[in-house]
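Data block below; observations after.
Printed below as a string of structure tokens:
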């Protein structure tokens, strides 16, 4: 178990369980959170024994989004010159974006397990994950609109590719809440579990299934999905041909075929 100021990280076999750990503050994202996310997901990315990451929240909520005290401190640091303020704000936004880019760009699949509040910056976070699961009482909201601002850490860029443009615009323009069953209906989450315990058990089971696969095959699959999101079909086909020209020579392919023929579980190197 690794304990940070805002996060708890536990490696359970091949699974890294990353827990947002500010339950007294509804797991709101303070200044330390943004730096620690980059550090933790750099560790996940480069640690070969970790094959999957799960993100959840300690206590009653996943996360209530960015800590408002952090926003107040940023507002209090403004100077008289508009240009210098703009440069400072832009730099700060890019720093926040890097925390969730680290999740999106991680070589390993990342799964979000959501219960309670998942609002504002927490939507940005789960939008950067590979899959999302929740409880019936999970409360999703693009809350930035009610704070007089546009979401700026990834929601508006990633969410339309998950739930479709029209429903994303409705949620972004109104800030209305979405709960578990509707979240599943619109494709925001893959599945709704009965309660928090069942959620974690179910998500960990899915993570174990992924961890049992060839890590090279999982790596290639995530890379191709991410690449195809931002490129044409022709570009994606060309890339996978080049990628697999190397990866199909891996020992993992031989191990997988032998396991399939013998009807025994495959065991892949990290």
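Residue numbers (the working numbering): 533 to 802. Just so you know, even glycine gets a beta-carbon here, dropped at the ideal spot from N, CA and C. None of the values given here were measured: they were computed from a predicted structure.
Inset, instruction - Would you identify the three-state DSSP class for residue 689, choosing helix, strand or coil? - result: DSSP, read as helix, strand or coil, puts residue 689 in helix.
Inset, instruction - Could you spell out where the alpha helix (DSSP H) holding residue 550 opens and where it closes? - result: Segment 547 to 552 is the beta strand (DSSP E) holding residue 550; no alpha helix (DSSP H) there.
Inset, instruction - Would you mind stating whether residue 750 and residue 640 have Cβ atoms separated by less than 9 Å? - result: Against a cut-off of 9 Å, the Cβ pair of residue 640 and residue 750 comes out as a contact.
Legend entry - Under 9 Å between C-beta atoms of residue 736 and residue 576: In this structure, residue 576 does not lie closer than 9 Å to residue 736 by Cβ.
Inset, instruction - Could you tell me whether the stretch 544 to 561 touches the stretch 589 to 602, where touching means 3 or more Cβ pairs closer than 8 Å? - result: Contact between the stretch 544 to 561 and the stretch 589 to 602 is present, because at least three Cβ pairs lie under 8 Å.
Legend entry - Exposure label - residue 747; buried when at least 16 CB within 10 Å: The residue in question, residue 747, is buried, as its Cβ has 16 or more Cβ neighbours within 10 Å.
Inset, instruction - Classify residue 569 as buried or exposed, calling it buried when 16 or more other Cβ atoms lie within 10 Å of its own Cβ. - result: It counts as buried.
Legend entry - Beta-ladder partner(s) of residue 651, from DSSP: Per DSSP, 673.
Legend entry - Buried versus exposed call for residue 593 [16 or more other C-beta atoms within 10 Å across all chains shown]: The residue in question, residue 593, is buried, as its Cβ has 16 or more Cβ neighbours within 10 Å.
Inset, instruction - For residue 589, I'd like the list of residues in its chain whose CB is within less than 6 Å of its CB, leaving aside the five on either flank, ordered along the chain. - result: Counting only Cβ-Cβ distances below 6 Å, and skipping sequence neighbours, we find 552, 559, 595.
Inset, instruction - List the residues that DSSP assigns as beta-bridge partners of residue 664. - result: Per DSSP, 644.
Legend entry - Euclidean distance between Cα positions of residue 708 and residue 675: Between residue 708 and residue 675, the C-alpha separation is close to 8 Å.
Legend entry - Rounded separation between residue 715 and residue 722 - CA only: C-alpha separation (whole angstroms): 9 Å.
Inset, instruction - Just grab the DSSP bridge partners of residue 586 for me. - result: As DSSP reads the structure, residue 586 sits in a beta bridge with 549, 643.
Legend entry - residue 705 classed as buried or exposed, judged by whether at least 16 other C-beta atoms fall within 10 angstroms: Exposed is the label assigned to residue 705, since fewer than 16 other Cβ atoms lie within 10 Å of its Cβ.
Legend entry - Three-state secondary structure assigned by DSSP to residue 721: Three-state DSSP puts residue 721 in coil, outside helix and strand.
Inset, instruction - Using three-state DSSP, classify residue 544 as helix, strand or coil. - result: Note: residue 544 maps to strand in three-state DSSP.
Inset, instruction - Would you list the residues sitting across from residue 711 in a DSSP beta bridge? - result: Beta-bridge pairing links residue 711 to 671.
Inset, instruction - Helix, strand or coil for residue 561, going by three-state DSSP, please let me know. - result: Residue 561 falls in the strand class under three-state DSSP.
Legend entry - Spatial neighbours of residue 782 in its chain, beta-carbon cut-off 6 Å, leaving aside the 5 residues before and after: For residue 782, same chain residues with a beta-carbon under 6 Å away, outside a window of 5 residues either side, are 748 in chain order.
Legend entry - Own chain residues within Cβ distance below 7 Å of residue 572, not counting five before or after: These residues qualify, in order along the chain: 539, 541, 550.
Inset, instruction - For residue 743, I'd like the list of residues in its chain whose CB is within less than 8 Å of its CB, leaving aside the five on either flank, ordered along the chain. - result: Hits under 8 Å: 545, 546, 547, 583, 584.
Inset, instruction - In angstroms with no decimal places, state the Cα-to-Cα distance between residue 766 and residue 630. - result: If I take the Cα positions, the gap works out to 29 Å.
Legend entry - Helix, strand or coil at residue 534 according to DSSP, with G and I counted as helix: Strand, per DSSP.
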